[in-house]
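*Asks:* Taking the numbering used here, I'd label the letters of the sequence shown as residues 1 to 604.
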Amino acid sequence: MTESIHSFHIPVMGTAFTIESPAKVARYGISSVISCVDDTLIERMRKFYCKVMGEECVPIKKSDEDARAHRITEYLNLLDRIVKEQFEKLKESAFEIGTEITKYFDLLADSSPLRQAYEHMLAMKNSTERQKAQDQLRKKIKPGSIDVNIMTKLDRTNYDKNGEPLPSEFTDALAALRGYANSTLHSSIVFSAGFNGRLYGYAEHFEDFHADDNGCIKKKIVVKVNDYRSALTQGKFFAKKGLWVSEYRLESGLNCGGHAFGHGGNLMGPSLEEFKQRKQELIDTLFEIYNKARAQKGKKTFSSPHPVRFTAQGGIGTAKENDFLLKYYELDGTGWGTPFLLVPEATTTDQKTLEKLCKATEEDLFLSDVSPLGVPFNNLRTSASEEAKLARINAGKPGSPCSKGHLVSNTEFSQKPICLASRLYQKEKLKQITSENLDPETQKTACESVMAKACLCNDLGGAAILAHGLAEPHDLPCPPAVCPGPNLAYFSRAFTLKEMVDHIYGRINILAGKRRPNMFIAELNMYIDYLEREIKESLPSANDQKIKYFGEFRENLVRGIAYYEELIPKMTHESKEYRDRMFQDLGNSRKKLEALTERYKTIF
């Protein structure tokens, strides 16, 4: 197990919500992940923080050579400087009530050796010994990591001034990787949303991703996965390039924020169990491939594997759930995302959106079709983005102007790809649908599906634009979109950083009084609902491939239910009443799946 100051991290959330989280929490030893999708927002945040730091900000124009990579590099370097400066000031502060260094230690878990050493220092009576202990504590602390996320599927081709496509290294994802690779950061790159061979292969060209002769890797690789097979596949690809994956971050496909993936019904619990049983096999398999590739490249080989972290995230809501994941599945850490949307000290949200998030109920949180990627997207019904989209539809002007274009993909009505949320695409597609002489109900459904898409490129940055007054005169309206996971419904107000951390470590309980199902049961029900959604969309005539997929999906859920039946008695950290209720909830989930099977028995 590798050491970390905290046993949790803050995962990437949208393009804006964690865009400055390192500047807010890294000095306290808390790691967080920022998105590098929106380089326009990144450039404005750089301008904002240069002003805060009293530094000159030379603008990087969109038209400048390699502007996207350069913008990302400069912002990351700025964050690196900010965090280092903050941390040095924290280290120099006195061990007194209300100081930064005291806050650092107060946030640590009670079980942390650092926290225990701090408590021991506080109990010392001898001033000389106390001073020596304080000096030792100052030497042992470190800041959290400034990690960066690349959503692998967002890999748009870019064009030169003459409309000609630029070489592949200038696509969105590769330019973002280059921007990170050229930065001064000593941290991790997190690859999410699936495999991208061109992107992964590009990492090989940057020395910071390779281990030096001492086995130190300046920029570590983290892959988000949903099961063991995905980890093995991606790990092998990197190993064959002589690159080591330093962390496998298992995320729930549906019980999370942002884009949601069904993953064939692979539930979190059974997937974690497989990792627990086979993690050493994974490490040994990849190490052999890795060392062989290193040797072929003339690089030093190693006698033992580099450290590997196994972490999990998605829907965790209580300290007991968190502890169970860490101890039973022998994890190195967990990710807490959605609850931190309610912590202004850690994330970035404008005041109106924050108020809406605090009031959000289970009914307000839904799996939507707003994403132009065609992937279900966790959404808030009351968000300004949703309200603006409906207003445009009611005014007879569906769709949005496409100002950033990171999600362009469709060439149905144009030579160059355009976005499904764009006004141009929706106008042409709606015209096409109305010309097809469909029955009224079919036509209505088809039109609603087209108009459901929203401009996530623009709107997901809205919270930061409003929070920091970053709008410029030429800007289009930027009504904030927000992408919380379903877990948000159980947190009902804004919290301080200390309150949220204390909740994670079990020192307090900040959950609203609503009945909250165990995270595994909540995810199971989401998968059953997702399967029904998929079946409905395939009707009236599902093909053989779809029928096979639905059958395998259902079987994975059946096996998952059987697994949880055996797991519940092992949750001895929970009360008998809690376990009995969990059994009852699991039984209801089984009945729900059986009813679904009966309802669509022609498919199953």
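Heads up, the beta-carbon is just placed ideally off N, CA and C, and yes, glycines get one too.
Who are the near neighbours of K236 in its chain, counting only those whose CB is closer than 7 Å to its CB and skipping five residues on each side?
*Replies:* In the sequence shown, the residue the question calls residue 236 occupies position 236. Once the five neighbours on either side are set aside, the close Cβ partners of K236 are L286, I289.
*Asks:* May I ask which residues mark the beginning and end of the beta strand (DSSP E) holding L191?
*Replies:* Within the sequence shown, residue 191 is the residue found at index 191, counting from 1. The sequence given here has Phe at residue 191, not Leu. It spans 188-192 - the beta strand (DSSP E) in which F191 sits, taken as one unbroken run.
*Asks:* Going by C-alpha to C-alpha distance, which of A16, S7, I10 sits closest to L479?
*Replies:* Stepping through the sequence shown from its first residue, residue 479 is reached at position 479. At residue 479 the sequence reads Pro, which differs from the Leu that was named. That would be A16, whose Cα lies nearest to the Cα of P479.
*Asks:* Specify the secondary structure class of Y159 as computed by DSSP and reduced to three states.
*Replies:* Counting from one through the sequence shown, the residue named residue 159 turns up at place 159. Note: Y159 maps to strand in three-state DSSP.
*Asks:* Tell me which residues share the same chain as R178 and place their Cβ nearer than 6 Å to its Cβ, disregarding the 5 neighbours each side in the sequence.
*Replies:* By 1-based counting over the sequence shown, the position of residue 178 is 178. For R178, where only same-chain residues beyond five positions count, the Cβ hits under 6 Å are A69.
*Asks:* Whose C-alpha, out of R229, H263, G265, V225, is nearest the C-alpha of E247?
*Replies:* As a first step, residue 247 is located in the sequence shown; it is residue number 247 there, counting from the start. Nearest of R229, H263, G265, V225 to E247, Cα basis: V225.
*Asks:* How is the alpha helix (DSSP H) around Q116 delimited, first residue to last?
*Replies:* Locating residue 116 in the sequence shown gives position 116, counting from the first residue. Start and end: 113-122.
*Asks:* Indicate the three-state DSSP secondary structure (helix, strand or coil) for T2 in the structure shown.
*Replies:* Here residue 2 refers to the residue found at position 2 when the sequence shown is read from its first residue. Note that T2 scores 45 on pLDDT, short of 50, meaning its location in the model is unreliable and no value can be drawn from it.
*Asks:* Going by beta carbon distance, what residues of the same chain come within less than 8 Å of S589, once the five residues before and after it are set aside?
*Replies:* The residue labelled residue 589 in the question sits at position 589 within the sequence shown. Taken in chain order, the residues that qualify are I521, L524, N525, I528, I561.
*Asks:* What do you reckon, are the CB atoms on V343 and V190 nearer than 7 Å?
*Replies:* As a working mapping, residue 343 is identified with position 343 in the sequence shown. As a working mapping, residue 190 is identified with position 190 in the sequence shown. Not in contact: V343 and V190 (Cβ atoms no closer than 7 Å).
*Asks:* Rounded to whole angstroms, what is the Cα-Cα separation between E164 and T157?
*Replies:* As a position in the sequence shown, residue 164 is number 164, starting the count at 1. As a position in the sequence shown, residue 157 is number 157, starting the count at 1. E164 and T157: Cα-Cα distance of roughly 10 Å.
*Asks:* Once you ignore the five residues that flank A360 on each side, which residues in its own chain have a CB closer than 8 Å to its CB?
*Replies:* Translated into the one-based positions of the sequence shown, residue 360 becomes position 360. L380, T382, P484, L488, A489.
*Asks:* In whole angstroms, what is the alpha-carbon distance linking K498 and K299?
*Replies:* Within the sequence shown, numbered from 1, the residue matching residue 498 stands at position 498. Within the sequence shown, numbered from 1, the residue matching residue 299 stands at position 299. Near 46 Å, if we compare the C-alpha coordinates of K299 and K498.
*Asks:* Look at the Cβ atom of L476, then the Cβ atom of S403, and state whether they are nearer than 7 Å.
*Replies:* Residue numbering aside, residue 476 sits at position 476 when the sequence shown is read from its first letter. Residue numbering aside, residue 403 sits at position 403 when the sequence shown is read from its first letter. Going by C-beta atoms, L476 is nearer than 7 Å to S403.
*Asks:* With a Cβ-Cβ cutoff of 7 Å, do A494 and S385 count as a contact?
*Replies:* If you number the sequence shown from 1, residue 494 lands on position 494. If you number the sequence shown from 1, residue 385 lands on position 385. No, Cβ-Cβ distance for A494 and S385 is not below 7 Å.
*Asks:* Look at P113 and G335 and say whether their C-beta atoms are less than 7 Å apart.
*Replies:* What you label residue 113 is simply residue 113 of the sequence shown in a count that begins at 1. What you label residue 335 is simply residue 335 of the sequence shown in a count that begins at 1. Contact flag unset, no.
*Asks:* Leaving out five residues on either side along the sequence, give the residues of the same chain with a beta carbon under 7 Å from the beta carbon of F95.
*Replies:* In the sequence shown, counting from the first residue as 1, residue 95 sits at position 95. Excluding residues within five positions, the ones whose Cβ falls inside 7 Å are I101, T102, Q134.
*Asks:* Since E537 contacts G264 with CB under 8 Å, what's their CB separation in whole angstroms?
*Replies:* Taking the first residue of the sequence shown as 1, we reach residue 537 at position 537. Taking the first residue of the sequence shown as 1, we reach residue 264 at position 264. Contact doesn't hold; Cβ gap of about 16 Å is too wide.
*Asks:* How far does the alpha helix (DSSP H) with L90 in it reach, from first residue to last?
*Replies:* Residue numbering aside, residue 90 sits at position 90 when the sequence shown is read from its first letter. Its alpha helix (DSSP H) spans residues 67-92.
*Asks:* Would you mind working out which of V245, Y228, S230 sits nearest I217, comparing C-alpha positions?
*Replies:* Here residue 217 corresponds to residue number 217 of the sequence shown, with the count starting at 1. Nearest of V245, Y228, S230 to I217, Cα basis: V245.
*Asks:* Between which two residues does the beta strand (DSSP E) holding G269 run?
*Replies:* Working through the sequence shown from its first residue, we reach residue 269 at position 269. Looking at the DSSP string, G269 is not in any beta strand (DSSP E); the run it does join, the alpha helix (DSSP H), is 268-296.
*Asks:* Is the beta carbon of F310 sitting closer than 7 Å to the one on F275?
*Replies:* Taking the first residue of the sequence shown as position 1, residue 310 is located at position 310. Taking the first residue of the sequence shown as position 1, residue 275 is located at position 275. A contact, by the Cβ cut-off of 7 Å.
*Asks:* CB-CB under 7 Å to C447, same chain, minus the five flanking residues each way: which ones, in chain order?
*Replies:* Against the sequence shown, residue 447 aligns to sequence position 447. Cβ within range, chain order: L430, I433.
*Asks:* In the DSSP assignment, find the beta strand (DSSP E) that holds Q313 and state where it starts and stops.
*Replies:* In the sequence shown, residue 313 corresponds to position 313, counting from 1. Run containing Q313: 309-313, per the beta strand (DSSP E) assignment.
*Asks:* Answer yes or no: do C36 and V148 have a C-beta to C-beta separation smaller than 7 Å?
*Replies:* Within the sequence shown, residue 36 is the residue found at index 36, counting from 1. Within the sequence shown, residue 148 is the residue found at index 148, counting from 1. Yes, the Cβ-Cβ distance between C36 and V148 is below 7 Å.
*Asks:* For the beta strand (DSSP E) holding G335, just list the boundary residues, first then last.
*Replies:* Position 335 of the sequence shown, counted from the start, is the residue given in the question as residue 335. That run of the beta strand (DSSP E) goes 333-335.
*Asks:* Answer yes if the segment 450-464 comes into contact with the segment 399-419, meaning at least three C-beta pairs across the two stretches below 8 Å, and no otherwise.
*Replies:* yes
*Asks:* Can you grab the Cα-Cα spacing for the pair S93 / F87, in whole Å?
*Replies:* In the sequence shown, counting from the first residue as 1, residue 93 sits at position 93. In the sequence shown, counting from the first residue as 1, residue 87 sits at position 87. Rounded to the nearest angstrom, the two C-alpha atoms are 10 Å apart.
*Asks:* In the DSSP output, which residue or residues are listed as bridge partners for V225?
*Replies:* Indexing the sequence shown from 1 puts residue 225 at position 225. The partner list for V225 (beta bridge, DSSP) reads L250.
*Asks:* For F366, name the three-state secondary structure that DSSP assigns.
*Replies:* The residue labelled residue 366 in the question sits at position 366 within the sequence shown. Looking at F366 - three-state DSSP - the assignment turns out to be strand.
*Asks:* Would the beta-carbon of N196 fall within 7 Å of that of T128?
*Replies:* Mapped onto the sequence shown, residue 196 falls at position 196. Mapped onto the sequence shown, residue 128 falls at position 128. The answer is no: Cβ separation not under 7 Å.
*Asks:* On the DSSP bridge list, what partners appear for L380?
*Replies:* Counting from 1 along the sequence shown, the entry for residue 380 is found at position 380. According to DSSP, which records beta bridges pairwise, L380 is partnered with L365.
*Asks:* By alpha-carbon positions, which one of V25, Y505, A109, C50 ends up nearest to S145?
*Replies:* As a working note, residue 145 is residue 145 in the sequence shown. The residue with the shortest Cα to Cα distance from S145 is V25.
*Asks:* How far does the beta strand (DSSP E) with S32 in it extend, from its first residue to its last?
*Replies:* Counting from 1 along the sequence shown, the entry for residue 32 is found at position 32. Here the beta strand (DSSP E) through S32 covers 32-35.
*Asks:* Sort L539, Y530, L596 by Cα distance to N266 and report the nearest one.
*Replies:* In the sequence shown, residue 266 corresponds to position 266, counting from 1. Nearest of L539, Y530, L596 to N266, Cα basis: Y530.
*Asks:* From the DSSP output, in three-state form, read off S230 for me.
*Replies:* Locating residue 230 in the sequence shown gives position 230, counting from the first residue. Three-state DSSP puts S230 in a helix.
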